[in-house]
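One line per chain: the protein sequences are A and B, in this order. Start counting the first sequence at 1; every next residue gets the next number (the working numbering). Start counting the second sequence at 1; every next residue gets the next number (the working numbering). Ideal Cβ positions, reconstructed from N, Cα and C, are used throughout, including at glycine. Note that this is a predicted model, so its numbers are computed, not measured.
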Amino acid sequence: MSVDLEHYLIVGAILFALGMYVALAKRNFVSVLMGIELMFNAVNLTFVSFSRFVESDSPLDGHVFVIFVITVAAAEAAVALGLAVLLYRVHGTISVDEMDALKG
Amino acid sequence: MEDTGTVLAFWLLTIVTIGSALGVAFVRNLIHAVVFLVVSFMGVAGLYITLSADFVAVAQILIYAGAISVLMVFAIVLTPQDERKNAEGFLRLPALALAMLVAATLIFVAVDNGWAIADRPGFEETASLIGESLLDKYVLPFEIASVLLLVAMLGAIVLVRPEGAEDDE
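Pasting the structure below:
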């Protein structure tokens, strides 16, 4: 028995789907962010496994891309969690169900 | 990868990663969900090690399992006690259906596609090569990333500044 590219891709797919479920279904703003972070992780895992297994002239480009994704994810998390605190201060809740200011 | 240690590590880490991701999705307490999220990040870091991506694995532990989860806990304790639930909203069933559809599609593509597999051993060490390409081939995105981090830091500070703070100057 051996571990191939497909195994890692399937793990990434399941992780992405779970993150997507969390991000779409949860009511709490922080839970939604956790789902988004799970999706980032799934994509990064896919990048690194392609970088390890697939034919390429410069296989480490996948790793470099993952470093950039982690950078952007960290910036996103800082701003989004600041937004969560601000939302609570302005609306008194961080439930995304109750944010219907755009409803006609 | 054929050797038994790697195969065993892969399966164990997969169980840990997906199991704790399921925990994030279905546990009721928000703090417990963050703990499961940290375990899932650690599992992904372990999977990076089985893929011989040492630098990315360490960056994953430092930034995701360390910094981002601490930020999440801060956001949770700064918001009210009665909102620390991990409940689903009205989109629960459509989200479940969409997630299953996406998983099925991605798994089908992953299995059905004939990937151009390269028969090479794992990387010996990646940190110095990543550093070289960051300062050579990817120097422009590298510099833009530093500006992005500065903007995000300033943005976060300005966002959560108490109201009326600009009048105090």
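In this structure, Ala42/A lies near Leu15/A, with their beta-carbon atoms less than 8 Å apart.
Between the region 47–61 of chain B and the region 121–133 of chain B there are three or more C-beta pairs closer than 8 Å, enough to call the two in contact. As DSSP reads the structure, Ser95/A sits in a beta bridge with Asn28/A. Chain order gives no chain B residues near Val69/A, where near means a beta carbon separation below 8 Å; the closest approach is about 10 Å. For Val77/B, the secondary structure class from DSSP, reduced to helix, strand or coil, is helix. In the structure shown, Glu124/B falls within a coil segment according to DSSP collapsed to helix, strand and coil.
Annotation: Arg89/A to Pro141/B spans about 35 Å, alpha carbon to alpha carbon.
Fully enclosed alpha helix (DSSP H) runs of no fewer than 4 residues occupy 4–26, 30–50 and 54–59 of the region 1–61 of chain B, in order along the chain.
Residue nearest to Ile18/B within the set Arg52/A, Met39/A and Leu33/A is Met39/A (criterion: CA-CA distance). Assigned with DSSP and collapsed to three states, Glu55/A falls in coil, not helix or strand. Any Cβ of chain A closer than 8 Å to the Cβ of Pro121/B would place that residue at the interface, and such an atom is absent. Contact of Val54/A with chain B by beta-carbon distance below 9 Å involves Trp115, Ala116, Ile117 and Ala118. For Asp112/B, the enclosing alpha helix (DSSP H) covers residues Arg92 to Asp112. Bridge partners of Lys85/B according to DSSP: Asn29/B. Counting only Cβ-Cβ distances below 8 Å, Lys26/A has contacts in chain B at Asn86, Ala87, Glu88 and Gly89, in chain order. Considering only Val64/A, Arg52/A and Phe29/A, the residue with the shortest C-alpha distance to Trp115/B is Arg52/A. Residues of chain B with a Cβ closer than 8 Å to the Cβ of Leu60/A are, in chain order, Phe123, Thr126, Leu129, Ile130 and Ser133. Remark: C-beta atoms of Arg28/B and Lys85/B approach each other more closely than 8 Å.
Taking a Cβ-Cβ threshold of 8 Å, none of the residues of chain B is close to Ile36/A; the smallest such distance is about 11 Å.
One finds Val44, Leu47 and Tyr48 in chain B with Cβ atoms closer than 8 Å to the Cβ of Leu45/A, taken in chain order.
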